[in-house]
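**Student:** Input: one structure, supplied below.
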Amino acid sequence: MRFLIVSDIHGNRFGLESVLTDAAGEYDTLLCLGDVVGYGAHPNECCQILREQNAISLSGNHDAAALGLISIEWFNPVATAAIEWTRAQLSEANREWLQTLPAQRDWPEHDFQAVHGSLREPWEEYIVGSSLAAATFNLMSRPLCFFGHTHIAACYAEGTPQGKRPEVQGVALPNGGEISLEDDEDDEPGMQWQYLINPGSCGQPRDGNTQARYALFDSEARHIEVRPVDYDCQAARQAILAAGLPKMLGDRLLQGR
Ligand code: ZN
Numbered sequence: 008m009r010f011l012i013v014s015d016i017h018g019n020r021f022g023l024e025s026v027l028t029d030a031a032g033e034y035d036t037l038l039c040l041g042d043v044v045g046y047g048a049h050p051n052e053c054c055q056i057l058r059e060q061n062a063i064s065l066s067g068n069h070d071a072a073a074l075g076l077i078s079i080e081w082f083n084p085v086a087t088a089a090i091e092w093t094r095a096q097l098s099e100a101n102r103e104w105l106q107t108l109p110a111q112r113d114w115p116e117h118d119f120q121a122v123h124g125s126l127r128e129p130w131e132e133y134i135v136g137s138s139l140a141a142a143t144f145n146l147m148s149r150p151l152c153f154f155g156h157t158h159i160a161a162c163y164a165e166g167t168p169q170g171k172r173p174e175v176q177g178v179a180l181p182n183g184g185e186i187s188l189e190d191d192e193d194d195e196p197g198m199q200w201q202y203l204i205n206p207g208s209c210g211q212p213r214d215g216n217t218q219a220r221y222a223l224f225d226s227e228a229r230h231i232e233v234r235p236v237d238y239d240c241q242a243a244r245q246a247i248l249a250a251g252l253p254k255m256l257g258d259r260l261l262q263g264r
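Per our numbering, the very first residue in the sequence shown carries number 8; after that it's consecutive.
This is the structure we're talking about:
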């Protein structure tokens with residue numbers, strides 16, 4: 008199965024549409040790792056696009072906050088304003104759809120898992136750095152887990168040599184990259200590998216690259232490609248201003264921060 012994996016769309020239809028155009032014909036199933044809404048001006052349109060594509064989606068903390076499932080006490084004032092605006096905008100049908108989404112999922116038939124934040128705290132924890140990655144590696148039941156929430160494209164690999172302690176290496180992928188699982192020829196025999204991969208954000212990147220990001224995962228070839236694609240950041244910014252959302256939510260799209 009070929010999966011197109013997106014995360015942290017955040018109501019940015021321009022980012023999502025560019026990704027779908029760029030990846031057209033190269034995937035069978037669309038998988039979203041959560042945060043469909045919050046920040047951007049098109050929450051209903053983004054839900055609609057995913058529903059029309061029969062996407063499998065996870066729930067992110069912003070989706071949960073927009074539904075009132077989690078408290079927004081710890082959100083900053085800009086995020087709070089965006090959640091309150093989003094709550095008022097969401098159609099009943101999209102609200103009901105968002106309510107059906109889990110924060111994590113397991114695909115035994117394709118040997119991978121996916122979660123919005125981390126397996127310790129599916130809605131809350133940000134996997135930034137090797138020690139946080141190690142905590143989720145400990146909880147994984149598959150060799151591969153996709154995650155989002157940080158808005159930073161990255162790959163963590165944990166190698167465990169036979170009878171030894173595991174070691175985690177992380178690499179950021181601001182300009183994309185390719186990862187082939189389990190094919191390292193230099194491996195010592197008995198080496199076990201696990202991977203945690205974040206495709207980056209398709210609606211509000213925060214790794215210094217303004218391009219929308221996505222991943223293609225071929226579950227049979229065990230191959231993943233993270234790709235950047237241009238989208239109309241100016242149109243997304245204008246829509247945020249026109250909606251009366253906080254200006255900085257539009258400005259940050261031009262900086263990728
Ligand atoms: Zn997010």
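Ideal Cβ positions, reconstructed from N, Cα and C, are used throughout, including at glycine.
1) Tell me the DSSP secondary structure of residue 197 in three-state form.
2) Are residue 124 and residue 89 closer than 7 Å when you measure CB to CB?
3) Which residues bound the alpha helix (DSSP H) around residue 186?
4) Using a Cβ-Cβ cut-off of 6 Å (strictly less than) and excluding sequence neighbours within five positions of residue 263, which residues of its own chain qualify?
5) First and last residue of the alpha helix (DSSP H) that includes residue 234?
6) Measuring straight from C-alpha to C-alpha, what distance separates residue 127 and residue 143?
7) Whole-angstrom Cβ separation of residue 57 and residue 106, contact assumed at under 8 Å?
8) According to the neighbour-count rule (16 or more other Cβ atoms, all chains shown, within 10 Å of its Cβ), is residue 249 buried or exposed?
9) Suppose the cutoff is 6 Å on Cβ atoms and the five residues either side in sequence are ignored; what does the same chain contact list for residue 51 look like?
10) Give every residue of the same chain whose Cβ lies closer than 6 Å to the Cβ of residue 149, excluding the five residues on either side of it in the sequence, and list them in chain order.
11) Out of 230, 68 and 238, which has the shortest C-alpha to C-alpha gap to residue 162?
12) Excluding five sequence neighbours on each side, which residues of the same chain lie with their C-beta closer than 6 Å to the C-beta of residue 67?
13) Mapping the DSSP letters down to three states, classify residue 96 as helix, strand or coil.
14) Looking at the structure shown, is residue 22 part of a helix, part of a strand, or coil, going by DSSP?
15) With 16 other CB atoms within 10 Å as the buried threshold, where does residue 172 fall?
16) Output needed for residue 37: all residues of its chain with C-beta closer than 6 Å, excluding positions within five of it in sequence on either side, in chain order.
17) Work out the CA separation of residue 206 and residue 233 for me, nearest whole Å.
18) Tell me, to the nearest whole angstrom, how far the beta carbon of residue 47 is from that of residue 243; I am working on the premise that it is less than 8 Å.
19) Roughly how many whole angstroms lie between the Cα atoms of residue 240 and residue 202?
20) Where in the region 85-139 do unbroken runs of the beta strand (DSSP E), each at least 3 residues long, occur, reported from the N-terminal end onward?
21) Return the Cβ separation of residue 312 and residue 18 in integer angstroms, given the expectation that the two are a contact with Cβ distance under 8 Å.
**Tutor:** A quick look at the data gives this:
1) The DSSP-derived three-state label of residue 197 is coil.
2) In this structure, residue 89 does not lie closer than 7 Å to residue 124 by Cβ.
3) Here residue 186 belongs to no alpha helix (DSSP H); instead the beta strand (DSSP E) covers 184-187.
4) For residue 263, where only same-chain residues beyond five positions count, the Cβ hits under 6 Å are 212, 215, 216 and 217.
5) Element bounds for residue 234: not the alpha helix (DSSP H) but the beta strand (DSSP E), 230-236.
6) 6 Å
7) With 8 Å as the limit, residue 57 and residue 106 do not qualify as a contact, their Cβ atoms being about 14 Å apart.
8) Answer is exposed; the Cβ neighbour count stays below 16.
9) 98 and 101
10) 118, 119 and 120
11) Of the candidates 230, 68 and 238, the one whose C-alpha sits nearest the C-alpha of residue 162 is 230.
12) 41, 42 and 123
13) Assigned with DSSP and collapsed to three states, residue 96 falls in helix.
14) Here residue 22 carries a helix assignment [DSSP, helix/strand/coil].
15) exposed
16) Excluding residues within five positions, the ones whose Cβ falls inside 6 Å are 11, 60 and 62.
17) Straight-line spacing of the CA atoms in residue 233 and residue 206 works out to 6 Å.
18) 7 Å
19) Roughly 31 Å between the two C-alpha positions.
20) Within the region 85-139, the complete beta strand (DSSP E) runs of at least 3 residues are 111-114 and 119-122.
21) Residue coverage of the chain in this structure runs from 8 to 264, which leaves residue 312 outside it and unanswerable.
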